[in-house]
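Those protein sequence lines, which keep their order, are chains A, B and C.
The working numbering numbers the first residue of the first sequence as 1 and each following residue consecutively.
The working numbering numbers the first residue of the second sequence as 235 and each following residue consecutively.
The working numbering numbers the first residue of the third sequence as 542 and each following residue consecutively.
Notes follow once the structure below has been shown.
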Amino acid sequence: MTNEPNRGTPSLSPVLLAGFALRPLPLVLLQPALDLAMSLMRRRHSDVFERLDALENASFLIDPVDLPFCFTLRLGPAAPRLWAVGTGGDMESPSAVLRGPLLVLIRLLEGRMDGDAAFFSRDLAVEGDMEAVLTLRNAVDSGGIDLAEDLLSLFGPMNGPARRALGVAEALFARAERDLESVRAAFVASVEGRCDAQTARLRDLEDDLADLRTRMPRANAAGKRAAKPGAARL
Amino acid sequence: MVPAAKLTLGPVLYNWPAEVKRDFYFRIADEAAVDVVYLGEVVCSKRSSFFEPYVPEVSERLARAGKEVVHSTLALIMNEREMEAVRALTAAPDLRVEANDISGAALLAGRPHVIGPFVNVYNEGTLEVLVRGGADRVVLPCELPAGSLEVLGRAAGNAELEIQVFGRLPLALSARCYHARAHDLHKDGCRYVCEEDPDGMALETLEGDGFLAVNGTQTLSHSLCCLLRELEALRDLGIGCFRLWPQSVDMVAVAGIFRGVLDGRDDAAEAEARLGELADIAPFSNGFYHGREGADLVAGGTFSPVG
Amino acid sequence: MSGTPLELVCPAGTPGALRAAVDAGADVVYLGFRDETNARNFPGLNFSRPELRDGLAYAHERGCRIYVAVNTFAAAGNPDPWHRAVDDAAELGADALILADIGLLDYARRRHPETRRHLSVQASASNPTAIAYYHEAFGVQRVVLPRVLTVTEIARLNAQIPVETEVFAFGGMCVMAEGRCVLSAYATGRSPNMNGVCSPASHVRYEQLGGRMVSRLGRFTINQFPDGEPAGYPTLCKGRFVAGGCAGYLFEEPTSLDASTVLPELMAAGVRALKIEGRQRGRAYIAEVVAAFRRAVDAAARGDPVPPLGLGGMTEGLRETTGAYAKTWR
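Written as structure tokens, this is what we have:
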């Protein structure tokens with residue numbers, strides 16, 4: 001519901017400040033991370049996507065009002081896709097629009113916040129095809145999505161050579177989970193703290209995961225963005 | 235052979251002054267081409283006592299005029315006093331009663347009675363149970379589409395089926411009185427403000443479109459259901475009784491129009507035009523029969539929304 | 542006073558919500574299949590047969606029961622989906638069926654006499670004679686009371702009937718007698734009784750007009766909310782309309798029922814179980830509301846004062862009412 005006026009003047013938040021840092025980033029650079037996040041979600045939460053089957057050709061504009069860009073989510077016969085778009089919301093007539101602060105959207109995605117309550121308090125704004133919105137909400141809520149855990153799963157195919165290093169990997173996994181949680185928590189911390197923490201944690205992550213020969217830059221990007229696909233699913 | 239169609243007059247749902255109601259029924263007895271007349275307060279037990287003194291006189295006059303008289307029970311029964319009223323009505327062995335709550339049907343079990351439109355009969359399974367309990371006529375809920383009516387028509391056996399063909403659609407019942415609420419009163423001290431609105435209190439959307447009508451604890455449609463053009467099809471579906479809900483229009487003339495179409499004397503479309511002039515308090519609707527929004531008016535296979 | 546705790550009957554629209562309810566202390570979780578056989582037939586919601594099987598296992602392992610709602614009215618000429626819902630729920634081991642349709646009650650009694658039958662609120666059984674009928678004719682062992690009765694009326698009723706009663710304690714509130722309202726069908730062609738939906742999302746539109754959010758249902762405007770004002774569902778009976786030249790909430794404000802303050806009175810009135818509304822709500826709602834009511838029910842059973850639940854943020858229009866339990870509501 002937040003509407004155009006609110007879109008223009010989101011409340012001051014760490015996310016908003018972080019958004020300024022992201023502003024120069026060409027949106028196309030986000031795409032590999034978004035694609036990766038979506039395929040991960042489909043793998044880990046097939047039940048969620050099964051519930052979305054009822055939506056034949058729905059498209060959503062997901063607008064974290066405190067970020068300088070939006071996401072579009074398209075569902076249909078082909079694999080669902082998520083794109084980052086400018087705040088003009090260039091999407092040609094989406095089925096529905098969801099607007100809210102990024103953290104609200106993430107909490108909704110993870111089922112940690114009730115969508116109706118967010119709507120009643122008007123932290124969440126919805127427009128357009130409400131059946132599509134409800135289907136999306138109900139599907140996402142059914143799934144037990146946990147962004148940190150989901151994204152960390154990228155690093156953990158415990159097979160082949162990795163199996164031998166299971167003990168080590170488990171420790172690293174736990175460490176990475178902790179670290180990523182810190183990154184997420186940092187979003188709500190003060191902006192200076194956030195930047196420092198993020199830099200530090202990301203360096204840690206990088207070191208840890210190099211051992212596992214995971215493709216670090218991509219995974220890392222996913223770690224940061226996954227929040228948004230998530231938000232998208234809300 | 236299909237038995238002759240019956241035209242029925244449902245109970246007055248609104249709080250008309252008792253004398254107005256008495257005179258209304260006298261005129262119905264003397265002039266209206268209806269076969270069955272339902273009497274009694276269905277909506278609010280607080281109103282019941284006003285008309286009760288006139289009931290013997292009115293029912294006798296209706297019976298003398300050859301009308302079948304049926305006594306309707308309250309629809310929402312929430313306390314001992316209301317239950318007692320239903321018990322008293324159903325205890326009289328020679329009264330024909332319409333049960334508008336399942337409690338009434340339970341008390342009437344084993345002898346012929348009518349199931350009113352406020353009891354939920356949506357399918358053949360339910361119809362069968364109620365007919366087994368003694369119902370010989372079942373007035374169906376207003377939201378049933380033609381497809382459901384057809385199935386029920388086949389399943390009814392010897393029981394008659396009745397549906398509403400004229401009047402505001404009874405959409406909801408509540409414990410709360412919205413008439414009182416709109417006047418900043420409580421139900422207990424309502425001052426019978428519902429008497430001011432003989433067709434219910436108009437309720438519009440914020441944009442000024444007619445939408446609903448409030449009748450005390452009951453909510454009705456703004457539009458008037460009119461199934462004149464559907465009468466022939468309804469007869470083919472096995473519906474034998476056609477209910478007119480009283481509105482504050484010339485109900486004798488309304489009955490005459492329906493009678494003319496039922497008897498095959500008059501053309502339905504032309505009759506509908508005449509009815510429109512006579513009952514001009516609101517636009518017509520027939521959406522439920524056609525499986526659409528109840529507020530819709532489907533005309534000759536095409537669809538045109540009404541306000 | 543103290544006594545046996547009220548049974549806490551909690552909603553679930555998804556397996557995630559079911560686990561949340563069980564983990565938060567529900568005695569019972571009620572749910573429905575993913576079709577028109579239950580009164581929360583919302584898109585993306587409800588359970589498949591395998592999900593019910595898993596849910597039953599999860600609940601039963603933790604000492605929690607599952608009631609399956611098949612509480613819409615079977616369609617004339619097509620009773621199969623309703624019959625299958627009853628058959629499958631009974632065969633999978635549901636602890637009770639929640640039914641409203643007389644034809645379906647009759648079917649369940651004949652086919653699955655051993656499965657407990659509860660009367661849904663949708664049957665609108667509001668007096669002892671009606672309840673006795675459902676008990677005698679169909680062996681109903683519990684009735685969910687319509688949200689039209691005061692606590693005093695409930696107490697009097699309990700003294701006269703041979704079955705348990707369950708009442709609504711929290712959540713969305715019908716202001717109309719349940720099962721006897723076709724307002725939704727009038728505006729959208731889809732009704733609680735026939736389709737299991739009220740004011741369905743498919744017919745809802747929100748539009749931002751100037752500084753207001755306008756909600757529409759079908760072609761009717763239901764409400765307008767100025768920016769910053771708490772919002773409600775675009776449910777017809779919670780809309781703002783004009784009567785006698787005045788615009789307002791003619792039927793009811795956007796509000797939620799909260800009967801936590803009258804729990805001791807409900808216990809004293811002989812009520813057996815408390816029901817929380819909200820199969821359409823998210824896991825977060827379920828977890829928070831169920832946990833709060835667990836505390837409240839246990840406190841009431843010990844004879845302690847019921848602590849404030851702090852559930853204001855979960856309520857529609859961010860407001861609460863004790864609804865029909867107080868006579869002044871009428």
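Think of the CB as a built atom: it goes at the ideal place given N, C-alpha and C, for glycine as much as any other residue.
Notebook entry, point to check: Applying the criterion that 16 or more other CB atoms from any shown protein chain within 10 Å of the CB defines a buried residue, is A/Arg43 buried or exposed?
Noted result: To locate residue 43 of chain A, count along the first sequence from 1; it is residue 43. Exposed, since its Cβ has fewer than 16 Cβ neighbours within 10 Å.
| Which residues, in order along the region 455-486 of chain B, keep a beta-carbon less than 8 Å from a beta-carbon of chain C? | Ser455
Just how far apart, CA to CA, sit C/Tyr774 and C/Glu806?
-> Here residue 774 of chain C corresponds to residue number 233 of the third sequence, with the count starting at 1. Here residue 806 of chain C corresponds to residue number 265 of the third sequence, with the count starting at 1. Answer to the nearest angstrom: the Cα atoms are 30 Å apart.
For a contact defined as C-beta to C-beta under 9 Å, what are the partners of A/Gly144 on chain C? Indexing the first sequence from 1 puts residue 144 of chain A at position 144. Those within 9 Å of A/Gly144 in chain C are Pro556, Gly557, Arg560, Arg824.
At a cut-off of 7 Å, is B/Asp497 close to the ligand MG when judged by its beta-carbon and the heavy atoms of the ligand?
Annotation note on the ligand MG: not contained in the displayed structure, which lists no ligands.
Worksheet item: Are the Cβ atoms of C/Leu593 and C/Leu646 separated by less than 8 Å?
Response: Working through the third sequence from its first residue, we reach residue 593 of chain C at position 52. Working through the third sequence from its first residue, we reach residue 646 of chain C at position 105. Not a contact, by the Cβ cut-off of 8 Å.
Quick check on C/Ser740 - is its C-beta less than 8 Å from some C-beta in chain B? Here residue 740 of chain C refers to the residue found at position 199 when the third sequence is read from its first residue. C/Ser740 does not count as touching chain B.
- Compare the C-alpha of B/Ala252 against each of B/Val268, B/Gly244, B/Pro287 and name the closest. In the second sequence, residue 252 of chain B corresponds to position 18, counting from 1. Minimum Cα distance to B/Ala252 is reached at B/Pro287.
Roughly how many whole angstroms lie between the Cα atoms of B/Leu478 and B/Tyr272?
As a first step, residue 478 of chain B must be located in the second sequence, where it is residue number 244. As a first step, residue 272 of chain B must be located in the second sequence, where it is residue number 38. Looking at the two C-alpha atoms, the distance is approximately 10 Å.
### Message
Assuming C/Arg606 and C/Val569 are in contact, meaning their beta carbons sit under 8 Å apart, how far apart are those beta carbons, in whole angstroms?
### Response
The sequence position of residue 606 of chain C within the third sequence is 65, counting from 1. The sequence position of residue 569 of chain C within the third sequence is 28, counting from 1. Confirmed, about 5 Å.
key: Beta-carbon separation (whole angstroms), C/Leu804 vs C/Val847, contact threshold 8 Å   = Within the third sequence, the letter at position 263 stands for residue 804 of chain C. Within the third sequence, the letter at position 306 stands for residue 847 of chain C. Yes, they are in contact, since the Cβ atoms of C/Leu804 and C/Val847 sit about 5 Å apart, within 8 Å.
- If we call anything under 8 Å between Cβ atoms a contact, is C/Tyr674 one with B/Ile336? By one-based count along the third sequence, residue 674 of chain C stands at place 133. By one-based count along the second sequence, residue 336 of chain B stands at place 102. In this structure, B/Ile336 lies closer than 8 Å to C/Tyr674 by Cβ.
* Assuming C/Thr862 and C/Met735 make a contact with CB atoms under 8 Å, what is their CB distance in whole Å? -> Residue mapping note: residue 862 of chain C aligns to position 321 of the third sequence, counting from 1. Residue mapping note: residue 735 of chain C aligns to position 194 of the third sequence, counting from 1. Contact flag wrong, Cβ pair sits at about 29 Å.
Quick one: is A/Glu92 near chain C, going by C-beta distance under 8 Å? The sequence position of residue 92 of chain A within the first sequence is 92, counting from 1. Answer no: the Cβ-Cβ gap between A/Glu92 and chain C never drops below 8 Å.
Check: Where do the N-terminal and C-terminal ends of the beta strand (DSSP E) with C/Asn699 fall, by residue?
Finding: Numbered from its first residue, the third sequence carries residue 699 of chain C at position 158. According to the DSSP assignment, C/Asn699 belongs to no beta strand (DSSP E) but to the alpha helix (DSSP H) extending over 692-699.
Using three-state DSSP, classify A/Met158 as helix, strand or coil. By 1-based counting over the first sequence, the position of residue 158 of chain A is 158. With a pLDDT of 48 at A/Met158, under the threshold of 50, the predicted position of this residue should be treated as unreliable, though the coordinate-derived value follows. Here A/Met158 sits in coil by DSSP.
**Request:** Express the C-alpha separation of B/Arg425 and A/Thr72 in angstroms, rounding to a whole number.
**Result:** The residue given as residue 72 of chain A occupies position 72 in the first sequence. The residue given as residue 425 of chain B occupies position 191 in the second sequence. About 57 Å.
**Report entry** Residues that B/Arg526 contacts on chain C, provided the C-beta gap is smaller than 9 Å
**Finding:** Residue mapping note: residue 526 of chain B aligns to position 292 of the second sequence, counting from 1. Within 9 Å Cβ-Cβ: Gly730.
By how many angstroms is the C-alpha of C/Met714 removed from the C-alpha of C/Glu548?
Counting from 1 along the third sequence, the entry for residue 548 of chain C is found at position 7. Counting from 1 along the third sequence, the entry for residue 714 of chain C is found at position 173. When rounded, the distance between both Cα atoms is 20 Å.
Mind pulling the beta strand (DSSP E) runs of 3 or more residues that sit fully within the region 803-843 of chain C? 814-817
Notebook entry, point to check: Which two residues bound the contiguous beta strand (DSSP E) that contains B/Phe258?
Noted result: Numbered from 1 along the second sequence, position 24 holds the residue referred to as residue 258 of chain B. B/Phe258 -> not in any beta strand (DSSP E); alpha helix (DSSP H) instead, spanning 252-265.
Output, in chain order, the set of chain B residues within a Cβ distance shorter than 8 Å of C/Gly720. Taking the third sequence and counting its residues from 1, one reaches residue 720 of chain C at position 179. Result: Asn354.
Within-8 Å CB hit, C/Pro849 to chain F
This model lacks chain F altogether; the protein chains it does include are A, B and C.
Q. Looking only at C-alpha atoms, which of C/Val611, C/Val550, C/Pro669 sits nearest to C/Arg658?
A. Counting from 1 along the third sequence, the entry for residue 658 of chain C is found at position 117. It is C/Val611.
Can you tell me whether DSSP reads C/Tyr608 as helix, strand or coil? As a first step, residue 608 of chain C is located in the third sequence; it is residue number 67 there, counting from the start. Strand at C/Tyr608.
Between B/His347 and chain C, is any beta-carbon pair separated by less than 8 Å?
The sequence position of residue 347 of chain B within the second sequence is 113, counting from 1. Cβ-Cβ to chain C under 8 Å: no for B/His347.
| Interface residues of chain C around A/Asn57 at Cβ under 8 Å? | Start at 1 with the first residue of the first sequence, and residue 57 of chain A comes out as number 57. Within 8 Å Cβ-Cβ: nothing; A/Asn57 doesn't reach chain C, min ~14 Å.
Kindly say whether B/Asp443, judged by its beta-carbon, lies nearer than 8 Å to any beta-carbon of chain C. The sequence position of residue 443 of chain B within the second sequence is 209, counting from 1. At least one chain C Cβ lies under 8 Å of B/Asp443.
field: Contained beta strand (DSSP E) runs [length at least 3] in the region 683-760 of chain C, N- to C-terminal order
entry: 683-685, 705-712, 717-722, 745-750, 753-758
### Counted within 10 angstroms of its Cβ, other Cβ atoms place C/Cys787 as buried (16 or more) or exposed
The residue given as residue 787 of chain C occupies position 246 in the third sequence. Exposed.
Review point. Apart from the five residues just before and just after B/Val355, which ones in its own chain have a Cβ nearer than 8 Å to its Cβ?
Key: Numbered from 1 along the second sequence, position 121 holds the residue referred to as residue 355 of chain B. The answer, listed in chain order, is Ile349, Leu361, Leu364, Val372, Leu374, Pro375, Leu386.
From A/Asp63 to A/Thr87, what distance separates their C-alpha atoms?
By one-based count along the first sequence, residue 63 of chain A stands at place 63. By one-based count along the first sequence, residue 87 of chain A stands at place 87. A/Asp63 and A/Thr87: Cα-Cα distance of roughly 8 Å.
query: In chain A, which residues lie with their C-beta within 8 Å of the C-beta of C/Gln663?
result: Here residue 663 of chain C is taken as the residue at index 122 of the third sequence, counted from 1. Going along chain A, no residue has its Cβ under 8 Å from C/Gln663, so there is no contact; the nearest lies around 21 Å.
- Just checking, does the region 725-744 of chain C make contact with the region 692-703 of chain C on the three C-beta pairs under 8 Å criterion? no
Report task. Note the first and the last residue of the continuous beta strand (DSSP E) segment covering B/Thr242. Result -> By one-based count along the second sequence, residue 242 of chain B stands at place 8. Per DSSP, B/Thr242 belongs to the beta strand (DSSP E) from 240-243.
Check your understanding: By DSSP, does C/Ser667 sit in helix, in strand, or in coil?
Key -> Taking the first residue of the third sequence as 1, we reach residue 667 of chain C at position 126. Three-state result, C/Ser667: coil.
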